[in-house]
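>
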Amino acid sequence: MNCIEARVLLAAYRELKNGEVDIAELDVHLEECSSCRQVLAGYSFIGEQVRSLPPLEPSPHMHTKLMKALTVEHTQF
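Numbered according to this note's numbering, the sequence shown terminates at residue 151, and the numbering increases by one at each position without gaps.
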């Protein structure tokens, strides 16, 4: 595996590692490539930062606006 192939998978590495996809070749590449390890560390850091954010609360008028938009969209079909 080369860096281009590895980097396609790195953004989803956490999910792939927890899934049933065989990532042995990617793991070998990461052991050998410090550049890709740095990219993975960056993705991991960003993921941790996002998960630490408080949940967003929708606007009090969100439901009304959504229902209105759905009604408009429905009448266009």
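Yeah, the Cβ is synthetic: ideal placement off N, Cα and C, and Gly gets one too.
1) Hey, Arg88 and Cys110 are a contact pair by Cβ (cut 8 angstroms); roughly how many whole angstroms apart?
2) So, with DSSP's three-state summary, where would you put His135?
3) Considering Cα atoms alone, identify which of Leu84, Asn92, Arg125 and Thr149 is closest to Ala115.
4) Could you have a look at Ala85 and say whether DSSP puts it in helix, strand or coil?
5) Should His103 go down as buried or exposed, given a rule of 16 or more other Cβ atoms within 10 Å for buried?
6) Under 8 angstroms, do Leu100 and Met141 count as touching if we go by C-beta distance?
Straight from the coordinates:
1) Contact doesn't hold; Cβ gap of about 15 angstroms is too wide.
2) coil
3) Leu84
4) coil
5) buried
6) no
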